[in-house]
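Heads up: the sequence shown begins at 6 in this note's numbering, then just goes up one per residue. Glycine included, C-beta positions come from ideal geometry on N, C-alpha and C.
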Amino acid sequence: MLMKKGPTSKSAVKGALGKIIPVILLCLLLQLMAFDAMAARLKDIASVQGLRENQLVGYGLVVGLAGTGDGTQVKFTIKSIRNIMERMGIISIDPNQVKVKNVAAVLVTAKMPPLAKIGQKIDVVVSSLGDAKSLLGGTLILTPLKGADGKIYALAQGPISVGGYSAGGAGANVQKNHPTAGRIPNGATVEREIPVDLLAKKELKINLFRPDFTTAERAVDAINDVLGAPFARAIDAETVSVRVPPEYEDSPISLMAAIENVEISPDTKAKVVLDERTGTVVMGKNVQISTVAVAHGNLSIQIKESPQVSQPAPFSRQGQTVVTPGTEVKVNETGGRLIVLKHGSTIGELVAALNAVGVTPRDLIAIMQSIKASGALQADLQVI
């Protein structure tokens, strides 16, 4: 019997280990994934000062519409048509005789990326200015796009892609999405560059998207670890200054490639965001609750109007029909459970306790505002 149990017990141990080891490895893998998820690359949380997008805007006309353009009440569309025709050599045009429903006046907007070069293509957005019903099937004619300084940086032209439609008659109308706005992929060509001389820079400034002293200090430590010397320093909670090392003076691009993939764990302050329009509540992981007791009950009031009509007796000469109001009011107040949140309660404990009470998102907004008013919520409460 003993000789038989020996191999059996060894095989059982091997089988148990074969089941436990994969579980342990899975747990370690999940911990590593959670650790990596906390870190973010520097280029995902910051940008180099001076390298940014620039907004462009222009005024143009969309032609080729199937009777869905601007009406005769939009005077600037008629004037624009007349100006274009005069530039093309047709000078004898009476504005009172221009009644074109296949043309719409539009605003054209675009974002010029940093370091964009002449000849590069960028996307544009076309939006109606007048009372056009739809831009579907239209073509934008040549439109200059200007920057904030009034200079032309790109030229836009091409067929418009509209992600919606509108159709109907005198009694009904069907519309999907917004047919009066569309896009032209690669619809503009860059004609002027924004000068940026990276080779002349002896110092690069990196701006954090969310200013934070802790995050800035962590960025400084991570950059210095990569460069091997204290070339980085924090100017304030938003800006980190990096001196260009001697080996990178002729290649600042290599310097940016070396530090932009540095992983940093950004730190954020405790914040609770409330959206009263949609009833959305978002709470960060650092939200803490001091000792507080919460009781929440629902109060509903129902008012029902039932007018009563009093008719006079038959063949009555002096009687009159009288309408007497009848109002019925019902008040229903449900008792709320009292819960106690101890000092240091985390966001998970807060959510679990409020779910136990059975609160809705709308109720949660009122509860969070009350907890903040009592001084027990150790977080910034932001209502959007």
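Serine 132 and alanine 159 have their C-alpha atoms spaced approximately 18 Å apart. Valine 105 carries a coil assignment under DSSP once its states are collapsed to helix, strand and coil. Taken atom to atom, the span from the alpha-carbon of lysine 48 to that of tyrosine 253 is near 19 Å. 9 Å or more divides the Cβ of valine 167 from the Cβ of proline 190.
With contacts defined by Cβ atoms closer than 9 Å, threonine 244 and serine 139 do not form a contacting pair. As a beta-bridge residue in DSSP terms, tyrosine 64 pairs with Leu112. Residue nearest to alanine 239 within the set Asp368, Val231, Arg248 is Arg248 (criterion: CA-CA distance). Taking each of Pro216, Glu265, Val299 in turn and checking the Cα distance to isoleucine 228, the smallest one comes out for Glu265. Just measuring C-alpha positions, the residue of Leu204, Glu208, Leu141 sitting nearest asparagine 182 is Leu141.
Each residue's CA atom was taken as its position, placing threonine 296 and alanine 275 some 17 Å apart. With fewer than 16 other beta carbons inside 10 angstroms of its own, isoleucine 95 counts as exposed. Approximately 15 Å separates the beta-carbon atoms of threonine 148 and glycine 69; this is outside 8 Å, ruling out the contact. When the alpha-carbon of valine 299 is set against those of Ala110, Phe81, Ile376, Ala221, the nearest one is in Ile376.
Listed in chain order, the beta strand (DSSP E) runs fully inside the stretch 175–256 are 178–181, 186–195, 208–213, 237–239, 244–248, counting runs of at least 3 residues. Burial state of proline 317 is exposed, judged by a 10 Å Cβ sphere holding fewer than 16 other Cβ atoms. The Cβ atoms of arginine 188 and valine 129 sit closer than 9 Å to each other. When the beta-carbon positions are compared, isoleucine 269 and alanine 45 come within less than 9 Å of each other. Taken atom to atom, the span from the alpha-carbon of threonine 273 to that of leucine 279 is near 17 Å. When C-alpha distances from arginine 197 are compared across Gln383, Gly155, Val327, the shortest belongs to Gly155. Only exposed fits threonine 283, as fewer than 16 other CB atoms lie within 10 angstroms of its CB.
Ranked by Cα distance from serine 52, the options Gln78, Val79, Pro119, Val179 are led by Pro119. A Cβ-Cβ separation of about 5 Å places glycine 76 in contact with aspartate 136 under the 8 Å criterion. In this structure, alanine 242 sits near alanine 221, with a CB-CB distance shorter than 9 Å. Residue burial annotation: proline 271 is buried, with at least 16 other C-beta atoms found within 10 angstroms of its C-beta. Isoleucine 89 carries a helical assignment under DSSP once its states are collapsed to helix, strand and coil.
In this structure, the beta-carbon distance from valine 195 to methionine 117 falls below 9 Å.
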